[in-house]
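Before any comments, here is the structure.
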Amino acid sequence: MTTLPAYRYTPGPLHATLLAGTVPLFLGALLSDIAYTQTYQIQWANFASWLIAGALVFCGLAFLFALVNLLRAERKAGQPTRYVLLLLATWVLGLVNAFQHAKDAYASMPAGLIISAVVLLLTLAATWTGLRSGGAK
Amino acid sequence: MKTSHALSVLSAALLLSACGGEGDKTQARGPDPTLPEQQSSLLPSMKIAEPTPWGDQKPTVPEGYSVTAIATDLAIPRQTLVLPNGDILIAEGRGGSAAKLKPKDVIASVIKAQGNTKVKGGNRLTLLRDADGDGTYELKTVFADNLNAPYGLAFADGKLYVANQDATGALRLHRWPDQGQRRTGESHRPAGADQPITGPNPWR
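For the protein sequence lines, the chains are A and B, in the order given.
Going letter by letter, the first sequence gives residues 1 to 137 in the numbering used here.
Going letter by letter, the second sequence gives residues 1001 to 1204 in the numbering used here.
The following block contains the structure:
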């Protein structure tokens, strides 16, 4: 572990992989939800459920990395804190989304679709913030 | 004017009938049943009943009668069939092996298992026989095994039809039990659950 100046903190390769991995998973869930509302083919709902579950694993591990980094950071205010909070919000709403998708058949819609869209925006924001904190000040 | 009057009479009648329904809120019946409000929540509130063994408990029977177990230590008995000669066939097994389509199914199977017996399903048919008619079933033997959670049982035309959870087949009885010998011959053993339904009698 190298000690970096607080404002030049960069997520490690594993951390970055976990973080960025949440994006396609939540994106896939949203696309599956859209397909489900268009076709009513229940298999899309199954796909979305598993994609969300996978995204929660990635997001949760990335959050642990981010939290440890934040606790170790000398300067916590600003971007590091914002990144961790965004990631936490993504995970919590993602968990709500998982429960929403656990409802039988079309009972998960249309709320599941809306939450999926919000979660995708959150995870994009979190990933952007997290990876950006490396290069920029 | 006349319509509105009729409407108010109708609504008054509806109100009255609604009042009449107030008396019994426990039962949803009649032409205007009182249904409970629809419930929806992220985390369903549920209570898993804890399985309790019978122990020494027995069903209550009228005076002059008594209750005794005719067979114990069965592996999840689910269905019985009394054969024409008085023998009793018991289908034993545990259903399940449904595909886990969602993450929920994985979690739910763990939770639901808490409300179920830990006994392993027998996947077999057990035959009980009371040859001397004294009410004690002295013979208890495995009639057919390697089945897949058998449930439905039917006897017709010398054949025993068994519904596995994934197929239905017939066991042809080589010698009918009342001739003093139960079904014999390896060729008539059921091949098991993986046997496809190829005809009216796949297990022949």
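Quick reminder that beta carbons are idealized off the backbone N, C-alpha and C, glycines included.
Same chain, Cβ closer than 8 Å to residue i, neighbours up to 5 away in sequence not counted
{"i": "residue 14(A)", "result": "65"}
{"i": "residue 60(A)", "result": "91"}
{"i": "residue 97(A)", "result": "29, 52, 112, 115, 116, 119"}
Rounded C-alpha distance that separates residue i from residue j
{"i": "residue 26(A)", "j": "residue 1057(B)", "result": "54 Å"}
{"i": "residue 1134(B)", "j": "residue 1065(B)", "result": "15 Å"}
{"i": "residue 86(A)", "j": "residue 124(A)", "result": "10 Å"}
{"i": "residue 29(A)", "j": "residue 1067(B)", "result": "58 Å"}
{"i": "residue 106(A)", "j": "residue 78(A)", "result": "41 Å"}
{"i": "residue 128(A)", "j": "residue 24(A)", "result": "14 Å"}
{"i": "residue 1118(B)", "j": "residue 1159(B)", "result": "33 Å"}
{"i": "residue 46(A)", "j": "residue 1130(B)", "result": "52 Å"}
{"i": "residue 54(A)", "j": "residue 75(A)", "result": "32 Å"}
{"i": "residue 120(A)", "j": "residue 42(A)", "result": "21 Å"}
{"i": "residue 1128(B)", "j": "residue 1060(B)", "result": "24 Å"}
{"i": "residue 115(A)", "j": "residue 93(A)", "result": "7 Å"}
{"i": "residue 1145(B)", "j": "residue 1033(B)", "result": "48 Å"}
{"i": "residue 1077(B)", "j": "residue 1069(B)", "result": "13 Å"}
{"i": "residue 51(A)", "j": "residue 1169(B)", "result": "40 Å"}
{"i": "residue 1180(B)", "j": "residue 1053(B)", "result": "Because the pLDDT of residue 1180(B) is 39, which lies under 50, any placement of that residue in the model is unreliable, and the question is left without a value."}
{"i": "residue 1015(B)", "j": "residue 1030(B)", "result": "Residue placement at residue 1015(B) is flagged as unreliable, the pLDDT there being 47, under the threshold of 50; a coordinate-derived value is accordingly withheld."}
{"i": "residue 110(A)", "j": "residue 44(A)", "result": "14 Å"}
{"i": "residue 34(A)", "j": "residue 117(A)", "result": "10 Å"}
{"i": "residue 1123(B)", "j": "residue 104(A)", "result": "31 Å"}
{"i": "residue 1103(B)", "j": "residue 1048(B)", "result": "20 Å"}
{"i": "residue 1108(B)", "j": "residue 1041(B)", "result": "16 Å"}
{"i": "residue 101(A)", "j": "residue 1157(B)", "result": "50 Å"}
{"i": "residue 1091(B)", "j": "residue 1113(B)", "result": "21 Å"}
{"i": "residue 1055(B)", "j": "residue 1079(B)", "result": "21 Å"}
{"i": "residue 1073(B)", "j": "residue 1083(B)", "result": "21 Å"}
Beta-carbon spacing of residue i, residue j below 8 Å
{"i": "residue 48(A)", "j": "residue 32(A)", "result": "yes"}
{"i": "residue 1043(B)", "j": "residue 99(A)", "result": "yes"}
{"i": "residue 1093(B)", "j": "residue 1147(B)", "result": "yes"}
{"i": "residue 1036(B)", "j": "residue 1115(B)", "result": "no"}
{"i": "residue 1155(B)", "j": "residue 1101(B)", "result": "no"}
{"i": "residue 131(A)", "j": "residue 11(A)", "result": "yes"}
{"i": "residue 1150(B)", "j": "residue 1142(B)", "result": "no"}
{"i": "residue 1089(B)", "j": "residue 1125(B)", "result": "yes"}
{"i": "residue 84(A)", "j": "residue 95(A)", "result": "no"}
{"i": "residue 37(A)", "j": "residue 113(A)", "result": "yes"}
{"i": "residue 1075(B)", "j": "residue 1137(B)", "result": "no"}
Contact set between residue i and chain B, taken where Cβ atoms lie within less than 9 Å
{"i": "residue 96(A)", "result": "1042"}
Chain B contact residues for residue i, given Cβ-Cβ distances below 7 Å
{"i": "residue 100(A)", "result": "1042"}
{"i": "residue 69(A)", "result": "Those do not exist, as residue 69(A) stays about 29 Å from chain B at its closest Cβ, beyond 7 Å."}
Neighbouring residues, chain B, relative to residue i (Cβ below 8 Å)
{"i": "residue 50(A)", "result": "1102, 1103"}
{"i": "residue 53(A)", "result": "1103"}
Same chain, Cβ closer than 6 Å to residue i, neighbours up to 5 away in sequence not counted
{"i": "residue 17(A)", "result": "none"}
{"i": "residue 22(A)", "result": "55, 58, 59, 123"}
{"i": "residue 1152(B)", "result": "1163"}
{"i": "residue 946(B)", "result": "The shown model of chain B, from 1001 to 1204, leaves out residue 946(B), and the question about it has no answer."}
{"i": "residue 1046(B)", "result": "none"}
{"i": "residue 108(A)", "result": "100, 101"}
{"i": "residue 1132(B)", "result": "none"}
Residue i CB to nearest heavy atom of the ligand GTP below 7 Å
{"i": "residue 1104(B)", "result": "For the structure depicted, the ligand GTP is absent and the ligand set is empty, with no information on it obtainable."}
Same chain, Cβ closer than 7 Å to residue i, five either side skipped, listed in chain order
{"i": "residue 62(A)", "result": "15, 18, 19, 22, 87"}
{"i": "residue 1106(B)", "result": "1100"}
{"i": "residue 1098(B)", "result": "none"}
{"i": "residue 1087(B)", "result": "1127, 1128, 1129, 1177"}
{"i": "residue 70(A)", "result": "76, 80, 81, 84"}
{"i": "residue 126(A)", "result": "83, 86, 87, 90"}
{"i": "residue 1120(B)", "result": "1075"}
{"i": "residue 1028(B)", "result": "1034, 1035"}
{"i": "residue 1062(B)", "result": "none"}
{"i": "residue 1111(B)", "result": "1048"}
Q) Curious, which full-length alpha helix (DSSP H) runs of at least 4 residues does the segment 1080–1134 of chain B contain? A) 1103–1113
Q. Which whole runs of the alpha helix (DSSP H) in the segment 36–119 of chain A are 4 residues long or more, in chain order?
A. Within the segment 36–119 of chain A, the complete alpha helix (DSSP H) segments of 4 residues or longer fall at 42–72, 79–101, listed in chain order.
Q: Just list the beta strand (DSSP E) runs in the segment 1031–1085 of chain B, keeping only unbroken ones of 3 residues or longer that don't cross its boundaries, in chain order.
A: Segments of the beta strand (DSSP E) lying fully in the segment 1031–1085 of chain B: 1077–1082.
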